[in-house]
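Residue numbers (this note's numbering): 17 to 273.
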């Protein structure tokens with residue numbers, strides 16, 4: 017489940033919190049669909065710094081177990097520990113739980129970082145109770161990303177994802193993965209992106225904040241400093257004039273055992 021990490025623990029904490037805030041309404045609708053308030057024993061896989069775990073805890077009186085393979089992220093989540101929330105280091109490919117333990121297993125942007133995806137889903141199903149639910153709230157399909165205006169940099173950055181072990185076709189595979197594991201599955205798509213209107217200054221700030229990583233990838237792929245700076249200025253001009261479009265299709269899956 018491990019892969020080369022592209023962010024520091026501090027960056028992950030910030031990114032995951034922003035991601036959780038941005039997708040909160042969307043995820044809450046899914047939690048309502050699976051009647052999360054009635055769930056008594058919930059497993060949150062890939063809980064990371066606990067941003068989504070906090071959300072889950074606010075919606076149910078049930079007992080929540082959060083697992084992650086990254087000790088550094090779990091350190092950030094430690095303040096969440098309570099009489100209802102337990103955190104532990106564990107690998108989704110070898111879950112340390114008995115069969116039929118949880119009535120809800122939930123994860124958010126996890127499978128895309130796992131190479132043995134079918135094994136992971138099969139393990140989730142194993143620890144899910146009969147009539148229980150496995151819920152993937154969001155899994156991206158990076159291979160289907162759209163950008164306009166297009167740039168050579170887009171394909172380089174996409175390739176860099178593959179090189180660090182990201183599974184680029186995860187979103188489109190959810191029905192297959194869940195079905196092969198024996199789940200009756202409902203599939204849907206995250207569409208809130210089209211209702212999200214972030215002002216240009218925030219977009220500029222975020223672009224500049226992470227451009228150092230973009231610069232590193234482009235440099236490693238043979239771009240000289242002049243090319244990199246020209247690309248940077250072109251993108252900034254497009255963003256400031258509200259002329260850029262980027263979209264990554266993301267999907268959810270509700271699997272009933």
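Heads up, the beta-carbon is just placed ideally off N, CA and C, and yes, glycines get one too.
Small disclaimer: the values here were computed from a predicted structure and weren't measured.
request  = Determine which residues share a DSSP beta bridge with residue 42 and list them.
outcome  = Paired residue(s): none; residue 42 is not in a bridge.
ask   = Considering only residues of the same chain and omitting the five flanking positions on each side of residue 81, which have a CB-CB separation below 6 Å?
value = Excluding sequence neighbours, residue 81 sits near 59, 102.
query = Ordered along the chain, which non-local residues of its own chain (more than five positions away) have a Cβ less than 7 Å from that of residue 28?
reply = The residues are 64, 65, 89.
inquiry  = Counting only beta-carbon separations shorter than 8 Å, does residue 179 have a partner in chain E?
reply    = Absent from the structure is chain E; it holds one protein chain and no more.
task = Go ahead and label residue 205 buried or exposed: buried means 16 or more other beta carbons lie within 10 angstroms of its beta carbon, across all protein chains shown.
result = Exposed is the call here.
inquiry  = For residue 56 and residue 119, which I take to be in contact (beta-carbon distance under 8 Å), what is that distance rounded to the nearest angstrom?
reply    = At roughly 6 Å, the Cβ-Cβ gap stays under 8 Å, so residue 56 and residue 119 are in contact.
key: Any 3 or more C-beta pairs closer than 8 Å across the stretch 230–241 and the stretch 168–185   = Between the stretch 230–241 and the stretch 168–185, the count of C-beta pairs closer than 8 Å reaches three or more; the two stretches touch.
ask   = residue 265: which of 126, 47, 187, 110 sits nearest, CA to CA?
value = Per the Cα distances, 187.
key: Buried or exposed (CB count within 10 angstroms, at least 16 for buried), residue 154   = So residue 154 counts as buried.
message = In whole angstroms, give me the CA-to-CA distance for residue 196 and residue 142.
response = Our two residues, residue 196 and residue 142, have alpha carbons roughly 13 Å apart in a direct line.
ask   = So does the stretch 252–272 actually touch the stretch 33–52, counting three or more Cβ pairs closer than 8 Å?
value = Contact holds: three or more Cβ-Cβ distances are below 8 Å.
Closest Cα partner of residue 227 within the set 216, 99, 244, 26 = Closest option to residue 227, Cα to Cα, is 244.
Helix, strand or coil at residue 24 according to DSSP, with G and I counted as helix = Looking at residue 24 - three-state DSSP - the assignment turns out to be coil, as it is neither helix nor strand.
key: Inter-residue spacing [alpha-carbon to alpha-carbon] between residue 274 and residue 128   = Since the first residue shown for the chain is 17 and the last is 273, residue 274 is missing from the structure and cannot be characterised.
task = Taking residue 91 as the reference, give the member of 25, 235, 176 with the closest Cα.
result = Minimum Cα distance to residue 91 is reached at 25.
ask   = With distances taken between CB atoms, is the gap from residue 113 to residue 61 smaller than 8 Å?
value = Taking 8 Å as the Cβ cut-off, residue 113 and residue 61 do not qualify as a contacting pair.
ask   = By how many angstroms is the C-alpha of residue 144 removed from the C-alpha of residue 273?
value = Taking the straight line from one Cα to the other gives about 8 Å.
request  = Select from 93, 87, 235 the residue whose C-alpha is nearest the C-alpha of residue 105.
outcome  = Among 93, 87, 235, the Cα nearest to that of residue 105 is on 87.
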